[in-house]
Each structure stands twice: as C-alpha cells, then as structure tokens.
Amino acid sequence: MVKIEVYFLLAYYEHRLFVAGAQLMSHSHRYVSELPPALVELDAGLVVGQRQESLLIAGALQKAIFNSANFSSIATDEQGVIQIFNVGAERMLGYVAADVVNLITPADISDPQELILRASALSAELETPIAPGFEALVFKASRGIEDIYELTYIRKDGSRFPAVVSVTALRDDHNSIIGYLLIGTDNTIRKQMEAEKTLLGQRLRDHQFYTRSLFEANIDALMTTDPAGIITDVNQQMALLTGCTRDELIGAPFKNYFTDPARAEESIRLVLSRKKVTNYELTARDRDGKETVVSYNATTFYDRNRRLQGVFAAARDITERKLAEKQILDLALHDALTRLPNRLLLTERLAQTMAAGKRSGRFSALMFLDLDNFKPLNDNHGHYLGDLLLIEVAQRIVSCVRAVDVVVRFGGDEFVVILSELGLERARSAAQMLAVAEKLRAELDKPYVLTWQHAGQAAVSVAHRSTASIGAVLFQDNANSQEDVLKWADLAMYQAKQAGGNQVCLHEDHLESLASDVKTPRHPIGK
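Going by full-length UniProt numbering, the sequence shown opens with residue 1, and the numbers climb by one from there.
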C-alpha cells in the first residue's frame, strides 16, 4: 500500500509553499543576525540557494506523486469537493480531471450501499453518528486516525472495481483541516487471486470430502500405511474390524491387528516390491479376540512428484465365504445322509495312508462292507426307514474303529473302512485287521429298532436285522494302486456275500501267507 506523508502532499497547495518559504526565510534571518558581518552576505546566499533547492525537490516529488499512473490520487477541499484528480485516477475511473474537479466528491464515485454499511459500522465502532456519504470516507482521518479500507469505485461507464484506499487529512500550520487526500490502488487482481484461491480451497475441500465419503462408504475395511507399515488413516469399517477407534489405529503398526503378524508384515513387503497384492488372506483379530478372515488387496501410492508415500489397502471380510466354501467342500466330500466321507474323499485318504505306510513301514488294511438284508427294509417300509438304518450302521462302524481310521460311505448300502498304521510285521497286522473286522461284523449283527413319526401321528417302531458281508485286504505301501486294493477288498466282500453273508473274508492273494501266520482258515469266518 502506497502511503504518502502529509508534508509532501501539502507542497501541492500554494499557500503551504509560501508558509514553508516564510518559515525558511525567518530561520535564515535569525541565523544571519548571529553571524559576523563579514559572513552575512555569503550565508544569505547559501540560505537562498538551500531554499530554492528545497522548493525544487518538493515540487519534483509532488509532480511524481500526482502524475503516477499506478495509483489514483484524489485530493479534496475540507468539504470533500475534488480539487486534484491525477493521471492514475483518470486511468482507473475513466474520468478526466475536468469531469470531476470542483464538481463532485469521492462519495459520488463510490458504491452507495457500501457507504451506508461503512457509516453504520463506524457509528457503532466510534459511538457517534456518521452520515453515509463523504463523511464516512474520511471520518477516521479527520480524527487523526490512520485509515485504510476497501471499497468499490464506480467508473464513468458504470463498471465497478474493488480498490484499497488510504485516507489522510491535509492540515495547515494551525493544524486545521484544509482537505483530504485519498490514495487508491486497483484491487481487482488481488481480489481475483483471492477468489481463485478461495475457489481452489473450496474445490480442494470438496474433493477431500468426496474422497473421504468414498473412503467411509466402502464396505471394505480401508487403510493407508507408510512404507514401514505404520497406519496413517482408516475408515469406519477398519475400526469395526479391529474394535479400535480411528485415533487408536493411526500411528500403530498394521501387523498388530492380525493373528499372524509376520504374514501381515510380509504383505507390506510384497506390495512394496510388486506394487500390488491381490487376494492375500489374513485373519484379523479385534480387541475382544474375535477373528475375521479377510481378503487383503493393496497397492502403493505416490505424491505428485512420484515419490512413494505408502500403501493403500482394502480388507474384505470373507469369513462367510470361507465358511460357505468349507460347507460346499464338505458336501462334496461327505455323504449328506451319514456325514461320513464319500468316495471322492476316500481316494485322498487312501493315498495318504499308502504314503504314510511307505514312510513308516507299517501295514494298513482296507475293508469293504456290504449290508445283508437291506433291500427288504426299503421295499417293505420305504426309503425313510432305510435311511435311518444307514445312519445307525454308520454310527456303529465309527464306534468300532480308532479316530485315526477312516470310515467311508461308498454308496448305497456299501461302506469302506481304512485301518492305518497297524504293525510292522505282517502277521501282527493281519491279526489286528481280523480283530477289527470281527468286531464290526458282530456289532452290525445286532438287531435294529427303527422309530419314526409322521406329523400328527403316533410314533411307529420297526425291528430289523441286517448283517454285513466284509471283505478285507492288507497292504503296506503304494506298491499297488488304489484301484487294486479296492478291487481286492471288493472281491473278498463278494466272496463273503456268496458264502451266505455275515462273514469276513480275506482276499485270496493273501490267504496262503496269512493262514500259516495267524492260523486263520481260508474260508469266511463268523456265522
């Protein structure tokens, strides 16, 4: 803001120049009277020269100020009527000096509504009535208060522009106000810059709000971390996932909120090296111990100069999906009626048993069971009772074997039992196999009492006897294929069935060697 000292501005007024000259001459006379006579003439000449130089400097400064086109200089008399209207004022306002000098006041080229508001504000501030005209523009200056304010000037063509105005009261030697000087600068560019800055700030706030809204509206738990894995921001879903507040999470290590911190930390290293990680499974644990399986997807993010800032990650709760997958897999690998493993899982479990036998050198056994007298139950009483029988048969078989053994519903009324990790010796293992087989035969030979009840009817019970034909085979490793082992057991079971059922038979390929070792007859056992 340009500020002009009153002393230089007064140089414009002719009477002020005379006053200044008179004062200078008075000082000169006093100075001369005190000099020796020989120097009076010389000093008088010097004083006159200094006076002339001062007047020239004052005049030059006055001319430079009032002819500047960079700001408007408007000088008025004490009533506010314009007396000077410089080149800058002409350029800014579109008037020439002749249009305004001795004709109007600065209030006539100012926004009248702003004058009313300014007068009201000053009246309240200074606790004195102030008229909404020229008085409102110069009141503070008239009281000796430095006054700089913003207002809107109105050009000759009616257009408007913002200006910053500095007002100074012009006073004579008696400190009486003889006029006012209003120095103004066009504030359009600054206002435009402020408006653009405000708009930019608003857009930035809008963008931040929009981004935050997206961040919070996401169904996934979102977070950002620095490259070291320290959390820098989270959304509400992340707070819910961990049971912690946003403030508690920010600044904490990302890995602290997962059951396997090392795996969580590895995910950060992976995304930093690969720039992206997808479907990385982690298990989150909240402060109460609740665990949630999440699918972690992350990418790196950068500033405008492509400097790495950190990792943006999304963790989606897949607990229900994992449970559904497990259920689907369970349904695919287990019999829906008995909940026993089915034929698909049999292949996997038999392969595991063979591999274990190869490592340990221990024998294992496979038994094929087929129920006797099952069809008449279905034919006479329907499939519902047949299903009840199969469920109880499954329970009886499971009760006869170890937890490490495998019981499979092969299909229909057929079951398979795998006995793993028997003895290291063939004879001992054969004896173990036959003991379990006989136990199974005897358990399944017991009578069944099957009870059912239709809606609104009394319960009905049916007694039924259904024995089992059992074929057994002993094997040690995977030297033979699964198909061979199953085939041998099936053949032995068929042999037991042909012998009248309720029998245990060993596969013929093994009978010779087993007979001498365990004193077991070649023919089916257990009537």
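Even for Gly, the Cβ is constructed at its ideal location relative to N, Cα and C.
Could you please give the first and the last residue of the uninterrupted beta strand (DSSP E) stretch that includes C505?
-> Taking the sequence shown and counting its residues from 1, one reaches residue 505 at position 505. Looking at the DSSP string, the run of the beta strand (DSSP E) that includes C505 is V504 to L506.
Contact set for R246: own chain, Cβ-Cβ below 6 Å, skip 5 residues either direction = Against the sequence shown, residue 246 aligns to sequence position 246. Around R246: V234 and A239.
Which of helix, strand or coil does DSSP assign to D206?
-> Within the sequence shown, the letter at position 206 stands for residue 206. Of the three classes helix, strand and coil, the one that applies to D206 here is helix, per DSSP.
Please name the residue in F71, G411, L422 and L200 whose C-alpha comes closest to that of A163.
-> In the sequence shown, counting from the first residue as 1, residue 163 sits at position 163. Nearest option by C-alpha distance: F71.
Near P253, which residues of its chain fall below 7 Å by C-beta distance, leaving aside the five closest residues on each side in sequence?
-> For this step, residue 253 is matched to residue 253 along the sequence shown. Once the five neighbours on either side are set aside, the close Cβ partners of P253 are G229 and I230.
Which class does V32 belong to by DSSP, given the choice of helix, strand or coil?
-> Mapped onto the sequence shown, residue 32 falls at position 32. For V32, the predicted model reports a pLDDT of 42, less than 50, meaning its position is unreliable and no value from the coordinates is stated.
Cβ distance (whole Å) where A468 is taken to contact L337 below 8 Å | The sequence position of residue 468 within the sequence shown is 468, counting from 1. The sequence position of residue 337 within the sequence shown is 337, counting from 1. At roughly 17 Å, the Cβ-Cβ gap does not stay under 8 Å, so A468 and L337 are not in contact.
Comparing alpha-carbon positions, which option in Q498, G500, M493 and E392 lies nearest H507?
-> Here residue 507 is taken as the residue at index 507 of the sequence shown, counted from 1. Nearest of Q498, G500, M493 and E392 to H507, Cα basis: M493.
Residue 544 (DSSP reduced to helix, strand or coil) = Residue 544 is absent from the structure shown; the chain starts at 1 and stops at 527.
Quick one: any contact between the stretch 384 to 398 and the stretch 322 to 330, if contact means 3 or more CB pairs under 8 Å?
-> no
Please work out which residues of its chain come closer than 6 Å, Cβ to Cβ, to V138, disregarding the five sequence neighbours upstream and downstream, and give them in chain order.
-> Counting from 1 along the sequence shown, the entry for residue 138 is found at position 138. Answer for V138: V167 and Y180, listed in chain order.
For the candidate residues K255, D186 and T283, whose alpha-carbon lies nearest to that of G88?
-> One-based indexing of the sequence shown puts residue 88 at position 88. Residue D186 is the option with its Cα nearest to G88.
Between S267 and A298, is the Cβ-Cβ spacing less than 8 Å?
-> By 1-based counting over the sequence shown, the position of residue 267 is 267. By 1-based counting over the sequence shown, the position of residue 298 is 298. Closer than 8 Å, so yes.
Measure from the alpha carbon of R362 to the alpha carbon of each residue in L422, A479, A262 and A284, then state which is nearest.
-> Here residue 362 corresponds to residue number 362 of the sequence shown, with the count starting at 1. Per the Cα distances, L422.
Three-state secondary structure (DSSP) at T245?
-> Walking along the sequence shown from the start, residue 245 turns up at place 245. In the structure shown, T245 sits in coil (DSSP, three-state: anything other than H, G, I, E or B).
Nearest CA to the CA of R428: which residue from Q395, D387, A442 and Q476?
-> On the sequence shown, position 428 is the one that residue 428 refers to. Closest by alpha carbon: Q476.
Segment limits, beta strand (DSSP E) that includes H464 | Reading the sequence shown from its first residue, position 464 is the one you call residue 464. Here the beta strand (DSSP E) through H464 covers V460 to H464.
Do G386 and N378 have their CB atoms nearer than 8 Å?
-> As a first step, residue 386 is located in the sequence shown; it is residue number 386 there, counting from the start. As a first step, residue 378 is located in the sequence shown; it is residue number 378 there, counting from the start. In this structure, N378 lies closer than 8 Å to G386 by Cβ.
Say whether the stretch 256 to 263 touches the stretch 276 to 293, bearing in mind that this needs 3 or more beta-carbon pairs closer than 8 Å, one atom from each stretch.
-> yes
Between the CA atoms of S142 and V2 - distance to the nearest angstrom = Counted from its first residue, the sequence shown places residue 2 at position 2. Counted from its first residue, the sequence shown places residue 142 at position 142. Caution is warranted here: a pLDDT of 35 is assigned to V2, below 50, making its placement in the model unreliable, and the coordinate value is therefore given only provisionally. Spanning the two alpha carbons is a distance of roughly 19 Å.
P112 in three-state terms, based on DSSP = The count along the sequence shown starts at 1 and reaches residue 112 at position 112. Of the three classes helix, strand and coil, the one that applies to P112 here is helix, per DSSP.
For my contact list, Q79 and V101 are in at a C-beta cut-off of 8 Å; report their separation, rounded to the angstrom.
-> Translated into positions along the sequence shown, residue 79 becomes position 79. Translated into positions along the sequence shown, residue 101 becomes position 101. Not a contact, Cβ separation roughly 14 Å.
Going by alpha carbons, who is nearest to Q500 out of A489, I470, K487 and Q482?
-> Residue numbering aside, residue 500 sits at position 500 when the sequence shown is read from its first letter. Looking at the sequence provided, one finds Gly at residue 500 rather than Gln. For the set A489, I470, K487 and Q482, the Cα lying nearest the Cα of G500 is the one of I470.
Which partner residues does R285 have in the DSSP bridge list?
-> Against the sequence shown, residue 285 aligns to sequence position 285. R285 is bridged to E291.
For D413, collect the residues of the same chain with a Cβ closer than 6 Å to its Cβ; drop the 5 residues on either side in sequence, then sort them by chain order.
-> Taking the first residue of the sequence shown as 1, we reach residue 413 at position 413. Hits under 6 Å: L371 and F374.
The beta strand (DSSP E) spanning L182 covers which residue range?
-> For this step, residue 182 is matched to residue 182 along the sequence shown. Unbroken beta strand (DSSP E) run through L182: I177 to D186.
Of the residues T347, A496, R287 and I250, which one's Cα is nearest the Cα of Q482?
-> The sequence position of residue 482 within the sequence shown is 482, counting from 1. Here the closest residue by C-alpha is T347.
First and last residue of the uninterrupted beta strand (DSSP E) at Q83 = Position 83 of the sequence shown, counted from the first residue, corresponds to residue 83. Looking at the DSSP string, the run of the beta strand (DSSP E) that includes Q83 is I82 to F85.
Are there 16 or more other CB atoms within 10 angstroms of the CB of Q503, so buried, or fewer, so exposed?
-> Against the sequence shown, residue 503 aligns to sequence position 503. Its Cβ being crowded by 16 or more others within 10 Å, Q503 is buried.
Nearest candidate by alpha-carbon position, reference I104, set F85, Q113, S120 and A119 = Position 104 of the sequence shown, counted from the start, is the residue given in the question as residue 104. Looking at the Cα atoms, F85 is the closest of the given residues.
Should D147 be labelled buried (16 or more other beta-carbon atoms within 10 Å of its own) or exposed?
-> Counting from 1 along the sequence shown, the entry for residue 147 is found at position 147. Buried, since its Cβ has 16 or more Cβ neighbours within 10 Å.
Report buried or exposed for S364, applying the criterion of at least 16 other Cβ atoms within 10 angstroms of its Cβ.
-> Stepping through the sequence shown from its first residue, residue 364 is reached at position 364. Answer is buried; the Cβ neighbour count reaches 16.
Every unbroken beta strand (DSSP E) inside the UniProt domain "GGDEF" (362 to 509) [3 residues or more] | 364 to 371, 406 to 411, 414 to 419, 448 to 452, 460 to 464, 468 to 475 and 504 to 506
What distance in whole Å lies between the Cβ atoms of M433 and A496, which are believed to be in contact at a cut-off of 8 Å?
-> Taking the sequence shown and counting its residues from 1, one reaches residue 496 at position 496. Taking the sequence shown and counting its residues from 1, one reaches residue 433 at position 433. The Cβ separation is near 14 Å, so there is no contact.
Residue range of the alpha helix (DSSP H) that L323 falls in?
-> Here residue 323 refers to the residue found at position 323 of the sequence shown. Element bounds for L323: T319 to L333.
With a Cβ-Cβ cutoff of 8 Å, do K275 and T300 count as a contact?
-> The residue you call residue 275 lines up with position 275 of the sequence shown. The residue you call residue 300 lines up with position 300 of the sequence shown. Yes, the pair counts as a contact, with Cβ atoms nearer than the cut-off.
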